[in-house]
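Per our numbering, residue 962 is the first one in the sequence shown, and the count goes up by one each step.
Don't be surprised by glycine CBs; every beta carbon is placed ideally from N, CA and C.
Take a look at the structure below.
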Amino acid sequence: MSTIAVWTPHDLVLSLAIPIGLASRRGTAIVIDLDPSGPPIPGGGDLASLVERGPTESELAPSKVGIAVLGNGGIEVSDASEVISAIAHRWPNVVLRCAPHSPPGRGVVSVVPVLPEPFTLVAEGKVAYQRTSLGGDPETGAIVLPVPRPAVIRSLLSGRIPPVRDRWLRALDAVWSLS
């Protein structure tokens, strides 16, 4: 079982696309949104509802091959930790989408956009850099993701998985290596 927590500050679109893209690289995976004020994301149900009514055994494990996305629904991580843990123990791959407006915890992978001076962003810990069309120089030796094609981002945000041969999606495998 693989679990990765990902934090993508500064870009709301990437904060949604990166977790779904990461899940798409694993065959069977679930994305759990940990952001109580996050936007609705494609998928059925939400974490707050599961906690409120209590999940059934079938809701805690995958019923078929593919990706599931569990929105947040307005609940804090501390109030949902038991359900999150139960899901993480039953799914082969779990992607936790951390709130972009909160600093990440230990072990979280940060995905930071590459921007030109004087807007350069620096992160600590486990970091991957996302190239942008604005240019800039990422840290030497760091994982650097290519600029994603707009069609790929649109597909992910609408709940469709783009072709697995996509260059940006393939590059996300390196982000998994940081988990």
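| Check | Outcome |
| --- | --- |
| Beta-carbon separation (whole angstroms), Ile1104 vs Ala1135, contact threshold 8 Å | 5 Å |
| Arg987 - DSSP class collapsed to helix/strand/coil | coil |
| Cβ contact (3+ pairs, closer than 8 Å) linking the region 1027-1042 and the region 980-1000 | yes |
| 4-residue-minimum alpha helix (DSSP H) runs that sit fully inside the region 1037-1122, ordered along the chain | 1038-1051, 1111-1118 |
| C-alpha distance - Pro1079 paired with Val1108, whole-angstrom precision | 20 Å |
| In DSSP terms, what Gly1032 is bridged to | Asp1007 |
| Three-way DSSP call (helix, strand, coil) for Ser963 in this model | strand |
| DSSP state of Ile1002 mapped onto helix, strand, coil | coil |
| Among Leu975, Arg986, Ser1039, Pro1065, nearest to Val1026 - alpha-carbon criterion | Arg986 |
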